[in-house]
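To keep things clear, I will list the structure first and then write my remarks on it.
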Amino acid sequence: AFRLRVGTLRQRVSEVVLTLSADHVDAMKQVVRALRTYLVPHSAHTEEVQGLAQSVAIFATNGRRWAKQKRFSGILWSRRAMLYHVTRQRLQYLYLGRTACDNALILWLERLCTSHYVPVRRIAQTTLESVCTMYRGTSSLCLPRLLAHRSPPASDDQV
Numbered sequence: 013a014f015r016l017r018v019g020t021l022r023q024r025v026s027e028v029v030l031t032l033s034a035d036h037v038d039a040m041k042q043v044v045r046a047l048r049t050y051l052v053p054h055s056a057h058t059e060e061v062q063g064l065a066q067s068v069a070i071f072a073t074n075g076r077r078w079a080k081q082k083r084f085s086g087i088l089w090s091r092r093a094m095l096y097h098v099t100r101q102r103l104q105y106l107y108l109g110r111t112a113c114d115n116a117l118i119l120w121l122e123r124l125c126t127s128h129y130v131p132v133r134r135i136a137q138t139t140l141e142s143v144c145t146m147y148r149g150t151s152s153l154c155l156p157r158l159l160a161h162r163s164p165p166a167s168d169d170q171v
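All the letters of the sequence shown, read from the start, carry residue numbers 13 to 171 under our numbering.
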């Protein structure tokens, strides 16, 4: 019940922000971040997992003092544990079922993916990528409309 109320509140907020004015780029970015927090559970964002994996790889290669070193510093072990924990949480929530509220919010996020403003579009597209990996059937929900924006009459700012 609480998740449904929060979802409808986020849907109303996104409607208001999109209809206010075109110059509210920061407000639109905050809406995208709020949608990401609601739709993607437990820090399973794609860029966070990639950043942790790069951090572990950097510490594993640069932290060596000699070839074939087996013992590493504690920071490598803590980063590796964080990576394993986030990956486990991400796998636990893969292919969630969507509710009607989730569908509506995903469609708002899809609208923000074709925004005229580059910062909003970047955040929205990475968020949509994370959402597509989390929810079953999201790609088939969003792809027809996104491909329609690739058609010749679409402006270059929206692609």
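We treat Cβ as the ideally placed atom computed from N, Cα and C, and that holds for glycine.
Among Asn115, Phe71, Leu64 and Arg45, which residue has its Cα nearest to the Cα of threonine 138? The residue labelled residue 138 in the question sits at position 126 within the sequence shown. For the residues Asn115, Phe71, Leu64 and Arg45, the minimum Cα distance to threonine 138 belongs to Arg45.
With distance defined between alpha-carbon atoms, name the residue in Phe14, His128, Glu122 and Glu59 nearest to threonine 150. What you label residue 150 is simply residue 138 of the sequence shown in a count that begins at 1. With distances taken between Cα atoms, threonine 150 lies closest to Glu122.
Give the C-beta separation of leucine 95 and alanine 65 to the nearest angstrom, bearing in mind that I take them to be a contact with Cβ-Cβ under 8 Å. For the purposes of this step, residue 95 is taken as residue 83 along the sequence shown, with counting starting at 1. For the purposes of this step, residue 65 is taken as residue 53 along the sequence shown, with counting starting at 1. About 6 Å; that satisfies the 8 Å criterion.
Pick from Leu16, Met40 and Asp35: whose alpha carbon is nearest that of tryptophan 120? In the sequence shown, the residue the question calls residue 120 occupies position 108. Closest option to tryptophan 120, Cα to Cα, is Met40.
Separation of isoleucine 70 from glycine 63, as counted between CA atoms: Counting from one through the sequence shown, the residue named residue 63 turns up at place 51. Counting from one through the sequence shown, the residue named residue 70 turns up at place 58. Roughly 10 Å between the two C-alpha positions.
Report the residue from Val68, Arg110 and Arg83 whose alpha carbon sits nearest the alpha carbon of serine 90. Within the sequence shown, numbered from 1, the residue matching residue 90 stands at position 78. Nearest of Val68, Arg110 and Arg83 to serine 90, Cα basis: Val68.
First and last residue of the uninterrupted alpha helix (DSSP H) at tyrosine 147: The residue you call residue 147 lines up with position 135 of the sequence shown. Where tyrosine 147 is concerned, there is no enclosing alpha helix (DSSP H), given that its DSSP letter is neither H nor E.
Candidates Ala93, Arg162 and Arg110, of which the one nearest tyrosine 50 by Cα: Numbered from 1 along the sequence shown, position 38 holds the residue referred to as residue 50. For tyrosine 50, the nearest C-alpha among the options comes from Arg110.
Under 7 Å, do glutamine 23 and leucine 117 count as touching if we go by C-beta distance? Residue numbering aside, residue 23 sits at position 11 when the sequence shown is read from its first letter. Residue numbering aside, residue 117 sits at position 105 when the sequence shown is read from its first letter. Contact: yes.
Rounded to whole angstroms, what is the Cα-Cα separation between leucine 153 and leucine 159? Translated into the one-based positions of the sequence shown, residue 153 becomes position 141. Translated into the one-based positions of the sequence shown, residue 159 becomes position 147. Rounded to the nearest angstrom, the two C-alpha atoms are 11 Å apart.
Expressed to the nearest angstrom, what Euclidean distance is found between the alpha-carbon atoms of threonine 145 and alanine 93? Counting from 1 along the sequence shown, the entry for residue 145 is found at position 133. Counting from 1 along the sequence shown, the entry for residue 93 is found at position 81. Straight-line Cα distance between these residues: approximately 22 Å.
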